[in-house]
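In the working numbering, the protein residues as written are 728 to 832.
We put the beta carbon where it would ideally sit given N, CA and C, even for glycine.
Read through the structure below, which is laid out as structure tokens, and then see the notes.
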């Protein structure tokens, strides 16, 4: 279950993904499969070669791409989530979801 984002943020992420940009969307998230994770960042792009190459820089495997709903993306958690957001300069998302405090060390 996702929460903590609004319709405009989701729409903007989808538009960037459709344009072939690497786009990020962070939201609060609860999933029993990942009990320690309170947030997830979706890193998406319709240019699969670009997404796969981007993922390699973080040790992500192509088979981890989620192809659901025409918006291919990686689901990022923990320290990889934080590093990817910092590398992309998305400090607003880091601060908004208090990721720096959760993943220091």
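- [ ] Measure the Cβ-Cβ separation of residue 756 and residue 743 and say whether it is below 9 angstroms.
- [x] No, the Cβ-Cβ distance between residue 756 and residue 743 is not below 9 angstroms.
- [ ] Look at the alpha carbon of residue 804 and the alpha carbon of residue 734, and state the distance between them as a whole number of angstroms.
- [x] 22 angstroms
Open item on the list: Applying the 10 Å Cβ sphere with the 16-neighbour rule, what's the burial state of residue 802?
Closed with: buried
Open item on the list: Taking 7 angstroms as the limit between beta carbons, can you name the residues of its chain near residue 773, skipping five residues before and five after?
Closed with: 744, 745, 747, 799
- [ ] Report the residue from 741, 732, 730 whose alpha carbon sits nearest the alpha carbon of residue 796.
- [x] 741
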